[in-house]
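Numbering (this note's numbering), first residue to last: 8 to 323.
For every residue, glycine included, the Cβ atom is placed at its ideal position computed from N, Cα and C.
Here is the structure we will look at, set down as structure tokens.
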């Protein structure tokens, strides 16, 4: 069952104010959905590098130690560990781990060691160079990153693979789906937290006229609005849409569109309405599959460590 049914069922209601979106953690206000991988206290890159070297060189490789260190350090701290490891051993940490580990644990640890833009660039490269493009990954990355993050991803992609990401997207996708992805790649989406009620009403009417209230669908109107407005602005537009239509916007998209562009725009709606819920749904589906196809205990170890931390995305 979709995590979003409860959100879209009562979509005409007002969202809670920002003041209600915080919780107290050790007496300090924090967003309800905040990363739990915080800077490790008393961090010492030299000590961590030495611990990892010992774990890699130990008989049988001490996987538990490697996991324990890497998942409890922020990405910035991991980069410092990498630098110290190479300076003291003469070998890159990612190469050392690649030799020592196998399968899922190798994949996860190498991902943890990548800077965020490089990791996203890697995901996009992998999604476009496999046998058949992984459209879900393209949308998940581009629809959930900030303008600055997308600009950094494009730079990393160019540096790593000597290709322009826009050109790769054009070559590997087609039609309206390509148009939507290129719109996201412009990295000029409104990121203001202010909501224009008149614009929300106007956009809701445009979306209604472009879909339900016309013969055929004007997909360009859907793409233009959904890829350029801020999350708070779109949330209000969705509420206004429910006032001019008998159905929610996601349901209208399902009826009017099909294929990759339908999935893409519905995911953008989900991200705009509630990004943490979007990722929760993705994680839930991924772990359902993992429970079925997992052949080793490696994932169990990783998930156990993340559970103790209440989990945080790799790129934090």
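Please state the DSSP three-state secondary structure of residue i.
{"i": "residue 193", "result": "coil"}
{"i": "residue 212", "result": "helix"}
{"i": "residue 36", "result": "strand"}
{"i": "residue 58", "result": "helix"}
{"i": "residue 255", "result": "coil"}
{"i": "residue 250", "result": "helix"}
{"i": "residue 44", "result": "coil"}
{"i": "residue 137", "result": "coil"}
{"i": "residue 76", "result": "helix"}
{"i": "residue 146", "result": "helix"}
{"i": "residue 186", "result": "helix"}
{"i": "residue 67", "result": "coil"}
{"i": "residue 218", "result": "coil"}
{"i": "residue 286", "result": "helix"}
{"i": "residue 199", "result": "coil"}
{"i": "residue 239", "result": "helix"}
{"i": "residue 124", "result": "helix"}
{"i": "residue 50", "result": "coil"}
{"i": "residue 132", "result": "helix"}
If you follow the alpha helix (DSSP H) that residue i is part of, which residue opens it and which one closes it?
{"i": "residue 278", "result": "266 to 280"}
{"i": "residue 235", "result": "226 to 235"}
{"i": "residue 100", "result": "100 to 107"}
{"i": "residue 177", "result": "172 to 179"}
{"i": "residue 85", "result": "82 to 96"}
{"i": "residue 158", "result": "154 to 168"}
{"i": "residue 115", "result": "110 to 119"}
Does the separation of the CB atoms of residue i and residue j fall below 8 Å?
{"i": "residue 268", "j": "residue 215", "result": "no"}
{"i": "residue 242", "j": "residue 279", "result": "yes"}
{"i": "residue 95", "j": "residue 56", "result": "yes"}
{"i": "residue 91", "j": "residue 52", "result": "yes"}
{"i": "residue 151", "j": "residue 282", "result": "yes"}
{"i": "residue 100", "j": "residue 119", "result": "no"}
{"i": "residue 195", "j": "residue 231", "result": "no"}
{"i": "residue 218", "j": "residue 190", "result": "no"}
{"i": "residue 263", "j": "residue 224", "result": "yes"}
{"i": "residue 290", "j": "residue 276", "result": "no"}
{"i": "residue 140", "j": "residue 169", "result": "no"}
{"i": "residue 73", "j": "residue 103", "result": "no"}
{"i": "residue 192", "j": "residue 145", "result": "no"}
{"i": "residue 6", "j": "residue 81", "result": "In the structure as shown, the chain begins at 8 and stops at 323. Residue 6 is therefore absent and cannot be evaluated."}
Count the CB pairs spanning the stretch 82 to 96 and the stretch 62 to 73 that are closer than 8 Å, and state whether there are at least three.
no
Does the pairing of the stretch 102 to 111 with the stretch 228 to 243 give three or more beta-carbon distances under 8 Å?
no
Touch test, the stretch 181 to 199 against the stretch 270 to 282, Cβ-Cβ under 8 Å, three pairs minimum:
yes
If we count Cβ pairs, one from each stretch, closer than 8 Å, do we get three or more for the stretch 152 to 170 versus the stretch 118 to 134?
yes
The stretch 247 to 257 touching the stretch 205 to 212, judged by at least three CB pairs closer than 8 Å:
yes
Does the contact criterion of 3 or more C-beta pairs under 8 Å hold for the stretch 170 to 179 versus the stretch 127 to 144?
yes
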